[in-house]
Amino acid sequence: MTKVLVIGSKGMLGRDLCVRLRQEFEVVEADIEEVDIRDHAATCKLVSSIKPDEVVNVAAFTDVDGAEIRPSLAYEINAEGAGNVAKAASQIGARCTYIGTDFIFATDKGKNAPYVEDDEPRPMGVYSRSKLAGELNVKRYADRFLIIRTAWLFGLHGKNFIDAILKKARESDLRVVDDQVGCPTFSIDLSEAIARLLRTQDTGTFHCCNAGSCSWCEFARAIVGMAGFDKVEVSPISTEELNRPAPRPAYSVLNTDKLLEKTGFRMPPWEDALGRYLRLREERQR
Ligand SMILES: NC(=O)c1ccc[n+]([C@@H]2O[C@H](COP(=O)([O-])OP(=O)(O)OC[C@H]3O[C@@H](n4cnc5c(N)ncnc54)[C@H](OP(=O)(O)O)[C@@H]3O)[C@@H](O)[C@H]2O)c1
1 MTKVLVIGSK GMLGRDLCVR LRQEFEVVEA DIEEVDIRDH AATCKLVSSI KPDEVVNVAA
61 FTDVDGAEIR PSLAYEINAE GAGNVAKAAS QIGARCTYIG TDFIFATDKG KNAPYVEDDE
121 PRPMGVYSRS KLAGELNVKR YADRFLIIRT AWLFGLHGKN FIDAILKKAR ESDLRVVDDQ
181 VGCPTFSIDL SEAIARLLRT QDTGTFHCCN AGSCSWCEFA RAIVGMAGFD KVEVSPISTE
241 ELNRPAPRPA YSVLNTDKLL EKTGFRMPPW EDALGRYLRL REERQR
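Be aware that the sequence shown starts at 1, since it is given in our numbering, and climbs by one per residue.
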């Protein structure tokens, strides 16, 4: 049975991913308590002691605004850490999987066609640049790799936009950004896509997100609607009005045709994913 080492297994994606991978692979989990990927020697030691066929790195510094304040830490984890994992995987002949982000595709004014894997990245802000540097390190150091770019992630095991909107909807009306468009993505559906890519012997970059796209404001309206907050008003505001520390792309929709071509799998529409997320969330709260 193929042995998969998942590093970052206790994060939002990591938790769902391990559950899904266990259905068809032998899974070994590691997170910051087992290994700090900033430490090259420790990462090599762990990987060579486990001897997996696949190393999946979902560990990251994911606080987009926080990265503006702590740029060195973001680079150490997202870029150098990614390189350390890639080197460690290559030393034992394992394929290395890295999770990338849609945020590397910054504003192309007027862009309205989904990005394909070969489109030129134009990252803005520390987080996006550190994640692109991570991709480049994976390509440089890993003999065989999967770079899986995803977007606007939500899952049951981490802080996410849906929970933030539901919390605020209990207290007041909402003002949500309407000039950023992307692809909301459920960590359970992304885990399915990763499992299917791991079945292949492919190497390269893949875009994996739920089908369709929307603005954050449209996403928030769907959340309050599906959750039954009929009287809550969601008003559009601009990115400029919100004034967050990190810049964010106006349009970062990803084209997922390559995933479909290689695996026969298209991730379901984001509205369907949102409905499943809300049902699971309710079951957990009972
Ligand atoms: N969230 C999104 O919207 C989004 C969108 C696009 C792409 N992505 C990418 O998807 C991946 C998974 O994201 P996520 O939201 O699931 O992340 P997450 O919940 O923040 O999980 C990351 C995990 O990695 C661990 N970690 C952090 N630094 C580490 C280190 N130096 N060594 C070992 N482990 C470390 C974290 O531990 P601590 O919690 O103790 O720090 C956490 O358990 C990331 O690569 C992220 O960049 C995320």
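For every residue, glycine included, the Cβ atom is placed at its ideal position computed from N, Cα and C. This structure is a prediction, so every number in the text was calculated from the model and none was measured.
Regarding residue 151 and ligand 1, is the C-beta to nearest heavy atom distance less than 7 Å? yes
Thinking just about the alpha-carbon of each residue, which of 61, 230 and 247 is nearest to the one in residue 238? 247
Does residue 174 come out as helix, strand or coil in the three-state DSSP assignment? strand
Length at least 4, wholly inside the region 63-94: the alpha helix (DSSP H) runs in chain order: 66-69, 71-75 and 82-91
Any heavy atom of ligand 1 closer than 7 Å to the CB of residue 221? no
So, under 8 Å CB-CB, residue 97 and residue 35 are touching, yes? Tell me the CB distance rounded to an integer number of Å. Contact doesn't hold; Cβ gap of about 16 Å is too wide.
What does DSSP give as the partner residue(s) for residue 4 in the beta ladder? 27 and 54
Applying the criterion that 16 or more other CB atoms from any shown protein chain within 10 Å of the CB defines a buried residue, is residue 273 buried or exposed? buried
Straight-line CA distance for residue 46 to residue 102? 30 Å
Do the CB positions of residue 217 and residue 178 come within less than 8 Å of each other? yes
Contact check, residue 158 vs residue 12, beta carbons under 8 Å: yes
For the region 180-200 and the region 129-145, state whether three or more C-beta atom pairs, one from each stretch, are separated by less than 8 Å. no
Grab me the residues of residue 258's own chain with a C-beta within less than 7 Å of its C-beta, minus the 5 sequence neighbours each way, in chain order. 117, 206 and 207
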